[in-house]
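> Protein sequences, first through last, are from chains A and B. Counting from 26, one number per residue, gives the positions in the first sequence under the working numbering. Counting from 110, one number per residue, gives the positions in the second sequence under the working numbering.
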Amino acid sequence: MTRPAWGQRGLLLAAALMLGACASPPTTLYDWGPYPQALLKHLRESGGDAARQAALLEEQLQRAGGAARAAPPGLHAHLALLHTQLGNEAVALRHLQAEKALYPESAAYMDFLMNNARRAAREARP
Amino acid sequence: MTHALPHPAGPRGLARRGALALLVLLAGVLGGCATVDKAPADPWPALREARPASVLVLPPINNTPDVEAPGSVMAQAVYPLAEAGYYVLPVALVNETLRSNGVQTPADAHQVPIQRLREVFGADAALYLEVRKFGSVYRVISSDSEVAVDARLVDLRDGRVLWTGSASASSAEQRGQQQGGILGALLQAVIEQVASNFSERNHQVAGIAMRRLLGAQGPRGLLPGPRALAATAATR
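1) Would you tell me roughly how many angstroms separate the C-alpha atoms of Thr341 (chain B) and Pro333 (chain B), rounded to the nearest one?
2) Looking only at C-alpha atoms, which of B:Leu202, B:Val263, B:Ala201 sits nearest to Gln220 (chain B)?
3) Could you check which residue in B:His312, B:Gln326, B:Arg160 has the C-alpha nearest to that of Gly244 (chain B)?
4) Identify each residue in the stretch 76–105 of chain A for which the Cβ-Cβ distance to at least one residue of chain B is less than 9 Å, and report them in chain order.
5) Would DSSP call Thr206 (chain B) helix, strand or coil?
6) Identify each residue in the stretch 130–144 of chain A for which the Cβ-Cβ distance to at least one residue of chain B is less than 8 Å, and report them in chain order.
7) Does the CB of Arg336 (chain B) have a neighbour CB from chain A at under 8 Å?
8) Measuring straight from C-alpha to C-alpha, what distance separates Pro335 (chain B) and Ala235 (chain B)?
9) Hey, does Glu67 (chain A) have any beta-carbon neighbour from chain B nearer than 8 Å?
10) Roughly how far, in whole angstroms, is the beta-carbon of Leu265 (chain B) from the beta-carbon of Ala232 (chain B), given that I think they are within contact range, below 8 Å?
11) Quick one: list the residues of chain B neighbouring Leu64 (chain A), beta-carbon separation under 7 Å, in chain order.
12) Would Pro117 (chain B) count as contacting chain A if we go by Cβ distances under 8 Å?
13) Any Cβ of chain A within less than 8 Å of the Cβ of Glu205 (chain B)?
14) Rounded to whole angstroms, what is the Cα-Cα separation between Pro50 (chain A) and Ile317 (chain B)?
15) Which bits of chain B does Ala54 (chain A) rub up against, with CB to CB less than 8 Å?
16) Quick one: Cα of Ala155 (chain B) to Cα of Val270 (chain B), how far?
17) For chain B, is any of its Cβ atoms less than 8 Å away from the one on Pro59 (chain A)?
This is how it looks when you write it as structure tokens:
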């Protein structure tokens, strides 16, 4: 094999440099999936179909399971809201926990919601 | 590969040409990635100092006749803020919490004392939004969607205003000018929308306005939040 000319090697190096220098992290921080649409449905159409929205978001979570990019902020919390509306209190609590674990910034609010939910559950069965 | 094809220019010519290409490429590297950093003074010293990590988006005040405006703008605030590196409190759940605590309207929400907001939601900062324009503007031949939003970011720990901004977008923007990048592609999608679905078109235009407002770009834009900085550091 003939050694590549100096110019050629330089060219390769420069090309690598150029690609490396401008490389940006993956285009988005999060894997959004159907979450923005679910939010819109909830905020603009006063709820929509909670069961269908929950199914879509859970499917999205499973798809993104092994991916490097995390679920976006609020996705688990939104699932908790949907499951509360569907009467699945235990599932809702799990999602609030998941939001708190994934995003410690949410801890105060998630604790507030979990305490409320537990209090409501206690009052429901005296 | 033992039988390299003889190059018509000969090995020396090739080297010279390679060197030339190298120069061109280097210029590309220097020019392509250069970020013009000529902002003379930091427009948001309080924001830089406060370094909020989490943002509570309050229900937007609607100064337009379109009832869909607040929901659309609130939903569209989440993506750009989160991608800018901030934790965004879950907006639909926040809405429910406010309502079940007797805070019925956006105007009420904007009146809640910041200490109380901090206590319940634990956010570092709150984003107060006002929708100035939302919806269709009818013209002789066609109609366009226009959205304009004003924003104020307030530190919930001490009440300081950390940042203010305004942005707008219109479906008429594609006419006469080409815009590149993500916003260009979004605008194109707006154009291709079936013009009869005004609600969906308004929502997409709101998405463009909110990315402009909160996208952490430009000399007066929001600063990138901690999660964006962490992601950048991780890829280095």
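Backbone N, C-alpha and C define an ideal beta-carbon position, used for all residues, glycine too. Keep in mind it's a predicted model, so treat the numbers as computed, not measured.
On the basis of the coordinates in this document:
1) Reading the second sequence from its first residue, position 232 is the one you call residue 341 (chain B). Reading the second sequence from its first residue, position 224 is the one you call residue 333 (chain B). Going from the Cα of Thr341 (chain B) to the Cα of Pro333 (chain B) covers about 10 Å.
2) Looking up residue 220 (chain B) in the second sequence gives position 111. Checked all of B:Leu202, B:Val263, B:Ala201; the closest Cα to Gln220 (chain B) is B:Val263.
3) Here residue 244 (chain B) corresponds to residue number 135 of the second sequence, with the count starting at 1. For Gly244 (chain B), the nearest C-alpha among the options comes from B:His312.
4) Pro97, Pro98, Gly99, Leu100, His101, Ala102, His103, Ala105
5) Here residue 206 (chain B) is taken as the residue at index 97 of the second sequence, counted from 1. Here Thr206 (chain B) sits in helix by DSSP.
6) Glu130, Ser131, Ala132, Ala133, Tyr134, Phe137, Leu138
7) On the second sequence, residue 336 (chain B) is found 227 positions in, with the first residue counted as 1. Answer yes: the Cβ-Cβ gap between Arg336 (chain B) and chain A drops below 8 Å somewhere.
8) Here the question's residue 335 (chain B) lines up with position 226 in the second sequence. Here the question's residue 235 (chain B) lines up with position 126 in the second sequence. In a straight line, the C-alpha of Pro335 (chain B) is about 16 Å away from that of Ala235 (chain B).
9) One-based indexing of the first sequence puts residue 67 (chain A) at position 42. Position check: residue 67 (chain A) holds His in this sequence, whereas Glu was assumed. Judged by the 8 Å Cβ criterion, His67 (chain A) is in contact with chain B.
10) Walking along the second sequence from the start, residue 265 (chain B) turns up at place 156. Walking along the second sequence from the start, residue 232 (chain B) turns up at place 123. Confirmed, Cβ separation roughly 6 Å.
11) Taking the first residue of the first sequence as position 1, residue 64 (chain A) is located at position 39. Near Leu64 (chain A) (Cβ distances below 7 Å), the residues of chain B are Ala184, Val187, Val200, Ala201.
12) Counting from one through the second sequence, the residue named residue 117 (chain B) turns up at place 8. Any answer about Pro117 (chain B) is weak, because its pLDDT of 49 lies below 50 and its placement is not dependable; what the coordinates show is given next. Cβ-Cβ to chain A under 8 Å: no for Pro117 (chain B).
13) Start at 1 with the first residue of the second sequence, and residue 205 (chain B) comes out as number 96. At least one chain A Cβ lies under 8 Å of Glu205 (chain B).
14) Locating residue 50 (chain A) in the first sequence gives position 25, where the first residue counts as 1. Locating residue 317 (chain B) in the second sequence gives position 208, where the first residue counts as 1. Residue confidence for Pro50 (chain A) is low, a pLDDT of 47 falling below 50, so the modelled location carries little weight; the figure read from the coordinates is stated next. Approximately 22 Å, taken between the alpha carbons.
15) Within the first sequence, residue 54 (chain A) is the residue found at index 29, counting from 1. Note that residue 54 (chain A) is Leu in the sequence shown, not Ala. The contacting residues are Ala191, Glu192, Gly194, Arg336, Ala337, Ala340.
16) Here residue 155 (chain B) is taken as the residue at index 46 of the second sequence, counted from 1. Here residue 270 (chain B) is taken as the residue at index 161 of the second sequence, counted from 1. Spanning the two alpha carbons is a distance of roughly 8 Å.
17) Indexing the first sequence from 1 puts residue 59 (chain A) at position 34. No - not a single Cβ of chain B is within 8 Å of the one on Pro59 (chain A).
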